[in-house]
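Q:
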Amino acid sequence: MTAASSAAIDSLIVNPAVLSAEADQLVAQGLALHKAGQALQAETYYRAALNKYPHHGDATHMLAVVTSQKGQQAEAEALAREAVGINPEHTAYQNTLGRVLLLQGRMEEGLAVLQKALDLAPQNPEAHFNVAEAMFAQGQYREAERAYRRALQFKATHAAAAFGLGRALWMQGDQPGALPWFQLADFLQPADPTIRNQLGVAYMVLGHREEALQAFQWLVQHYPNSPEVHANLGVLYGHVERDKAYMEYKRAIELNPHLPTALDGFMEIARQLCAWDDFLATITQRIQEDVRARIAAGQPASLRSFTALYLPFNAAELLAIGRSESAQLAQDVGPALHRIPREDQPERLRIAYLSSDARNHPVAHLLQGMFAMHDRSRFEIFFYSTGVDDGSPQRRAIQQGAEHFIEARGMPSVDLAQRIADDGIHILIDLMGHTADSRMSVLARRPAPIQIHYLGFPGSTGADFVDYIIADPVIMPPERKEERSEAVIYLPVYQINSHRSLPTGPEYRRADFGVPDDAFLFYCFNNNYKIDPDTFACWMRILHAVPQGRLCLLATAPQVMANLRSVAQGHGIDPDRLLFAGYLDQAANIARQRLMDLFLDTPHYNAGATAADVLWAGVPLLTVRGHSYITRVGESLLRHLGLEQNLLAPDLAAYEAMAIALAQDPERLAHLRAQVAAAVPTATLFDTAAQVRRLEESLLTVWQRYREGQSPADIPLQSAQPW
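Quick look at the structure:
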């Protein structure tokens, strides 16, 4: 072979180093596009690089990243494994493989690979971040928090890690602590809609309304078809601008007909506005179907327990929804915080009450006098207040009645739980349950050995971390244990009232309110959301049958009044036969009720504190026998007073007939009023001191059971043992 022909052959052989260099250039071009958010364009360069040099590690790795971003995780895994095979000591390759495994739900495998990445480079922020994401996905929020912090330690500008840290703190109940991390993430990545939306939620929850509005308005401008943003705007407008909230929720549902937060929020606002149309009927049915399907599939119910109360769920379904909500609150809360030994027998039991309703609120109306009546020789009373100080007489009474009144508004749940544990509380009584501003997440951390729910939420909490519920044999029949998760502390009647300490109200006449003396006044001062279309239609039929009848409702919002007048007219009733009462202080409100003839309860969501006011005013209360706690409250009070025979209807048809009959029989109604007037003064229902003594005896019993290592069990009326 000649030298010339040899040179020609050599010219056909490409130096591998040259091919690798060309592939490097293609990868670099792809990376530039990738960083600019053009992943699909970058993919072309990565594939071109591999055509040049099939075993190029970086090209294989980056192609795995793009493939994963496209959602093709199985293919991405194969590419990532190929990259690791090319260079097993490359931490980035191991990191990507670990993340792809996590995205496929293979947590154990993914974490093992990520640990290899960290072994190779302990300061790899992406590996720490991916570990954090895996921990968060498994509900291990404290572990996730630590890993996010490690990622940020090595890369302070890691927006996703800052956002993740905020979420981890949020899920642990530290909303104030989460906010700065959401702000940092938004600063680092200002165009990210997920981050901006969560920042808006944080602002909203923490009371920064204007900042939240700005965040959501920016999102609506840039992402007008995001159902989540419209739902969050609905939450923000909430009780302040209900018309706007209604429209935002409706828009969210139009965009996503099965978005749980939108369905839940719309149901609440529509019921508050009494906006009863075909759309509400459709949403009511959809919520029931969606929730039942999720429960049957073992998924979270994704509906607030409080919203479920005014939907046609049965007692078993209400319990399942409560269990679901409580389980979410109890994720990764860690071991119980209390450190009180079972054998502890202090001179005084430390009893704590937890509520945000130490204010002008129905719960405070009922309980304001009880705290001062506790036996200080046997009990040390704490009250942890997580709500506003409204300067009301109710708040002052509670502050003065409790031995220790702790202002805990704004305190993160984890800190409040630790405070309760540090105070050595033996028995913690939650007065809120699954209601607005609830602190059930405090109870989830078990700051006290015995935890009890009472009054605020009318039903079982479904919580494994709540041992007892205070009730009576009517609202929670002893034989129906399947309706509750707690053991029951039974009182003769579930309510503890403070009416005997109320000041005397004014002496009103009907003329003071422009009402004729010859009118028969039916009324219902329940919250508007407790009224449903079927009940209102029943009321309209009653008015048809009682020409002199008027119906007085508690309402001040113009839209509510307009809606109710319109529905009345649709039933053929002159809208002027509806009377609307404004809000008065409790004593004046009771005095006003003495002008009324008959209280019409809402059968699907009974009056509670309102019912006690009705009876204290001496007015007969008509209700229907129910199927769950919230539908048995009226029956509980009537049976306790011996009034059930004439005022407890078996069904809505009988309720309607009884209301009409009473309106047409003045003598019978007068006899009933006399019965109410005779029963109220001596009833245990209004004997605060007697009820407190019974409660104290039961608290001593449950503590003794705890000391003896016994599990919570129902405490019957006569089973309390002395200290």
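If you count the sequence shown from 1, position 55 lands on 55 in my numbering, and the numbers rise without skipping. C-beta atoms are modelled at their ideal positions from N, C-alpha and C, and glycine is treated no differently. Small disclaimer: the values here were computed from a predicted structure and weren't measured.
1. Below 8 Å CB to CB, which residues in the same chain sit around A713 once its five sequence neighbours on both sides are set aside?
2. Applying the 10 Å Cβ sphere with the 16-neighbour rule, what's the burial state of Q153?
3. Are the Cβ atoms of A23 and Y53 separated by less than 8 Å?
4. For W703, collect the residues of the same chain with a Cβ closer than 7 Å to its Cβ; drop the 5 residues on either side in sequence, then sort them by chain order.
5. Near Q586, which residues of its chain fall below 6 Å by C-beta distance, leaving aside the five closest residues on each side in sequence?
6. Beta strand (DSSP E) containing E347: first to last residue?
7. List in chain order: all unbroken beta strand (DSSP E) runs of 3+ residues lying wholly within the region 465-520.
8. Quick one: grab the DSSP three-state call for C538.
9. Is the beta carbon of A320 sitting closer than 8 Å to the one on I295?
10. Whose CA, out of Q183, G238, Q115 and L637, lies closest to the CA of E211?
11. Check whether the region 227-238 touches the region 250-269, taking contact to mean three or more Cβ pairs, one atom from each stretch, closer than 8 Å.
12. Assuming the contact rule is C-beta atoms closer than 8 Å, G139 and D332 should be a hit. Round their C-beta distance to whole Å, please.
13. Less than 8 Å between the CB atoms is what I'm expecting for L79 and A49, so what's the real figure, rounded?
14. Does the distance from the C-beta atom of I340 to that of G424 stay below 8 Å?
15. If we require 4 or more residues per run, which alpha helix (DSSP H) segments fall completely within the region 295-359?
16. Tell me which residues share the same chain as R286 and place their Cβ nearer than 8 Å to its Cβ, disregarding the 5 neighbours each side in the sequence.
17. When the Cβ atoms of the region 462-482 are set against those of the region 358-372, are three or more pairs found closer than 8 Å?
18. What distance in whole Å lies between the Cβ atoms of M204 and A165, which are believed to be in contact at a cut-off of 8 Å?
19. DSSP beta-bridge partners for Y523?
20. What are the boundary residues of the beta strand (DSSP E) that V624 is part of?
21. According to the Cβ coordinates, are A275 and N563 closer than 8 Å?
22. According to the neighbour-count rule (16 or more other Cβ atoms, all chains shown, within 10 Å of its Cβ), is A252 buried or exposed?
23. I need the boundaries of the beta strand (DSSP E) containing Q451, first residue and last residue.
24. Using three-state DSSP, classify A581 as helix, strand or coil.
25. Measure the alpha-carbon distance for G30 versus D192 and round it to whole angstroms.
26. So, is F279 buried or exposed, given that buried needs 16 or more other C-beta atoms within 10 angstroms?
27. Quick one, which of A159, A127 and L213 has its alpha-carbon nearest A147's?
28. Could you tell me the boundaries of the alpha helix (DSSP H) in which F182 lies?
29. Any chance you could list the alpha helix (DSSP H) runs of at least 4 consecutive residues sitting entirely within the region 640-680, in chain order?
30. Let me make sure I understand the geometry here. Which of R81, D601 and T504 has the alpha-carbon closest to that of K725?
31. When DSSP builds the beta bridges, which residues end up paired with Y384?
32. For L428, does the three-state DSSP call read helix, strand or coil?
33. Check whether the Cβ of V692 sits closer than 7 Å to any heavy atom of the ligand ZN, and report yes or no.
34. Alpha carbon to alpha carbon, what distance is there between L700 and W723?
35. Does the count of Cβ pairs from the region 547-565 and the region 518-526 closer than 8 Å reach three?
36. Quick one: is A793 buried, meaning 16 or more other Cβ sit within 10 Å of its Cβ, or exposed?
A: To lay it out plainly:
1. Excluding sequence neighbours, A713 sits near A487 and R705.
2. The residue is exposed, with fewer than 16 neighbouring Cβ atoms inside 10 Å.
3. With contacts defined by Cβ atoms closer than 8 Å, A23 and Y53 form a contacting pair.
4. Correct list, in chain order: L349, H426, I427 and I450.
5. The beta carbon of Q586 is closer than 6 Å to those of H365 in its chain, skipping five residues each way along the sequence.
6. According to the DSSP assignment, E347 belongs to no beta strand (DSSP E), since it is labelled neither H nor E.
7. Every beta strand (DSSP E) stretch that sits fully inside the region 465-520 and reaches 3 residues is listed by chain position as 468-471 and 487-490.
8. In the three-state DSSP reduction, C538 falls in the helix class (H, G or I).
9. Result yes, Cβ atoms of A320 and I295 sit closer than 8 Å.
10. Residue Q183 is the option with its Cα nearest to E211.
11. Contact between the region 227-238 and the region 250-269 is established, with three or more Cβ pairs separated by less than 8 Å.
12. Rounded, the Cβ-Cβ distance is 5 Å, consistent with contact.
13. At roughly 13 Å, the Cβ-Cβ gap does not stay under 8 Å, so L79 and A49 are not in contact.
14. For I340 and G424, yes; Cβs fall inside 8 Å.
15. You should have 305-308 and 315-329.
16. Only P257, H258 and L263 meet the Cβ criterion.
17. Contact between the region 462-482 and the region 358-372 is absent, because fewer than three Cβ pairs lie under 8 Å.
18. In the sequence under discussion, the amino acid at residue 165 is Leu, which differs from the Ala named in the question. Cβ atoms of L165 and M204 stay farther apart than 8 Å, at about 20 Å.
19. Within the DSSP secondary-structure output, Y523 pairs in a beta bridge with C552 and F599.
20. Where V624 is concerned, the enclosing beta strand (DSSP E) stretches over L621 to V624.
21. Contact flag set, yes.
22. When all chains shown are included, A252 counts as buried.
23. Element bounds for Q451: I450 to H453.
24. If DSSP states are grouped into helix, strand and coil, A581 belongs with the strands.
25. When rounded, the distance between both Cα atoms is 23 Å.
26. In this structure F279 is exposed. Its beta-carbon is surrounded by fewer than 16 other beta-carbon atoms within 10 angstroms.
27. Comparing Cα positions, the closest option is A127.
28. Bounds of the alpha helix (DSSP H) holding F182 are Q175 to L188.
29. Listed in chain order, the complete alpha helix (DSSP H) runs (minimum 4 residues) inside the region 640-680 are 644-647, 652-663 and 666-679.
30. Only positions 1 to 723 of the chain appear in this structure, which leaves residue 725 out of reach.
31. According to DSSP, Y384 bridges with L354 and I406.
32. In the structure shown, L428 falls within a strand segment according to DSSP collapsed to helix, strand and coil.
33. This structure lacks the ligand ZN; in fact it carries no ligand of any kind.
34. Bear in mind that a pLDDT of 33 at W723, under 50, signals an unreliable position, so the number given afterwards is only what the model happens to contain. Going by C-alpha positions, W723 is about 6 Å away from L700.
35. Taking a contact to require three or more Cβ pairs closer than 8 Å, the region 547-565 and the region 518-526 qualify as touching.
36. What is shown of the chain runs 1 to 723, which leaves residue 793 out entirely.
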